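Report on the following structure.
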Amino acid sequence: MRRKCKDHISKLPDDVLHTIVSLLSMRDAVRTSVLSHRWKNVYAYMSNLEFDWHDIISTPADSTPGTVCNSEVFNFLARLERFLACHLGTKVVSFKVSCCFGNMYARRIKDWISFANRKGVENLDLAFTCDKPAERSDWRIIDYYHFPTQLLLHGEESKLRHLSLRSCTLQSDFFDRFSTLSTLVLCDVNLAGHVEPHMFSSCSNLECLTLQWCFGLERLCIGDSLHRLKVLVVSLCEGLKGIELSATNLTSFHYKGDDIELSFERVPNLGELYVMMKDTDVVSTFAQLEKELPHVKSMTVAKSRARWNR
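All the letters of the sequence shown, read from the start, carry residue numbers 701 to 1010 under this note's numbering.
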């Protein structure tokens, strides 16, 4: 006679079950709802939500911007929004979406951001393209989403600490909404409006800033207001002509791109420096930086003639 196994896991407290489910992928978490009546809504309390285009759209779809068919978009939207409608938790720690569409569905994307705000999101990661900018042949087909920065909470109301945006347009007028951030990553972002060199000066809590494939910024000045900044990465930002650094706690600076003017006014804690420019004279540039920054322990200067511009 076969002995019936007892289900001890289902008898665990709700918070323990929620922790178990949080370790699963979104797809596997939803699948737990069919295990038993006890498990029916456990997945709806997940605090780390990630919706990836390639996970949800199982068919080998072409993710090249401008070529995604409407049926795939509607399928993605239906699944994501159905999950959000069922979510029962009071808190979302991390909210990540990677999709292949932008401004055409702006209203629905705003609803996602509003949802994340209501749940006190701490980590917001939104990507509106699925391709690799380095392999992109035609930048004109990108439907850059106009990110509604004004929707973000600010001051004590905001719990947001980490923000990553890809393939969107940002109005520089609302950068005061980033004041609570410790990490900011902008990739393939069009900085629009009146773009000031000190546009990040209100981000006083920033510890790590990454700008990659961004455009619209001519000069970047990192001043004393960013007194917590430790890591700065600027890579392949078209149109950038100069970077001025005066950040006393900066420990690591990486730059890759066109030949530009680099000014190090006050960086006493800088320990790692990496510079790669198109046509720089490696020997003379290294000698100049070594003389200007004798305290830097790790310094690399390289040259690349690869085509970077869009």
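Cβ atoms here follow ideal geometry from the backbone N, Cα and C, with glycine treated the same way. None of these values were measured; they are calculated from a predicted model.
Would you kindly work out how many angstroms separate the C-alpha atoms of leucine 926 and serine 904, rounded to a whole number?
-> 5 angstroms
Three-state class that DSSP yields for arginine 840 in the structure shown = helix
Kindly indicate which residue of Ala778, Tyr955, Val730, Ile757 has the alpha-carbon position closest to the one of isoleucine 809.
-> Ala778
Got a sec: does the ligand COA put a non-hydrogen atom nearer than 7 angstroms to the Cβ of glutamate 781?
-> Within the structure as shown, the ligand COA is missing, as the structure has no ligands at all.
Per DSSP, which residues does asparagine 823 bridge with? Please list them.
-> Ser794, His862
Cβ of arginine 866 within 8 angstroms of Cβ of phenylalanine 828?
-> yes
Spatial neighbours of leucine 881 within its chain, please: CB distance less than 8 angstroms, with the 5 preceding and 5 following residues excluded, ordered by chain position.
-> Leu860, Arg861, His862, Leu863, Cys903, Asn905, Leu906
Taking cysteine 937 as the reference, which of Glu918, Phe776, Asp924 has the closest Cα?
-> Glu918
Just the C-alpha distance for threonine 951 and glutamate 835, rounded to the nearest angstrom, thanks.
-> 31 angstroms
Secondary structure at glutamate 992, three-state DSSP: helix, strand or coil?
-> Three-state result, glutamate 992: helix.
When DSSP labels each residue in this structure, what does threonine 883 get in the three-state scheme?
-> strand
Tell me, to the nearest whole angstrom, how far the beta carbon of valine 967 is from that of alanine 947; I am working on the premise that it is less than 8 angstroms.
-> 6 angstroms
Closer than 6 angstroms by C-beta to methionine 899: which residues in its own chain qualify, once you throw out the five before and the five after it? Chain order, please.
-> Ser872, Phe875
In whole angstroms, what separates the C-alpha of leucine 780 from that of phenylalanine 751?
-> If I take the Cα positions, the gap works out to 7 angstroms.
Own chain partners of leucine 886 with C-beta closer than 6 angstroms, once the 5 adjacent residues on each side are dropped | Leu865, Leu911, Cys914
Within its chain, find whatever has a CB closer than 7 angstroms to the CB of isoleucine 757; leave out the 5 residues flanking it on each side and keep chain order.
-> Cβ contact annotation for isoleucine 757 (same chain, cutoff 7 angstroms, sequence separation greater than five): Glu772, Asn775, Phe776, in chain order.
Give the secondary structure of isoleucine 720 by DSSP, where H, G and I count as helix, E and B as strand, and everything else as coil.
-> helix
Evaluate threonine 849 with the Cβ neighbour count: other Cβ atoms within 10 Å of its Cβ, from every protein chain shown; 16 or more gives buried, anything less gives exposed.
-> buried
Report the rounded CA-to-CA distance for serine 794 versus glutamate 965, giving the unit in angstroms.
-> 37 angstroms
Whose CA, out of Val934, Phe878, Asn823, Asp843, lies closest to the CA of glycine 855?
-> Phe878
For asparagine 775, name the three-state secondary structure that DSSP assigns.
-> helix
Length at least 3, wholly inside the stretch 927 to 974: the beta strand (DSSP E) runs in chain order = 931 to 935, 942 to 945, 952 to 957, 961 to 964
Alpha carbon to alpha carbon, how far is leucine 940 from tyrosine 955? Give it in angstroms, no decimals.
-> 11 angstroms
Could you work out which residue in Leu970, Glu972, Asp979, Ala744 is closest to isoleucine 960 when comparing CA atoms only?
-> Asp979
Report yes if the CB atom of glycine 820 is closer than 8 angstroms to the CB atom of lysine 796, and no otherwise.
-> no
Tell me, please, which residues DSSP counts as bridged to valine 889.
-> Cys868
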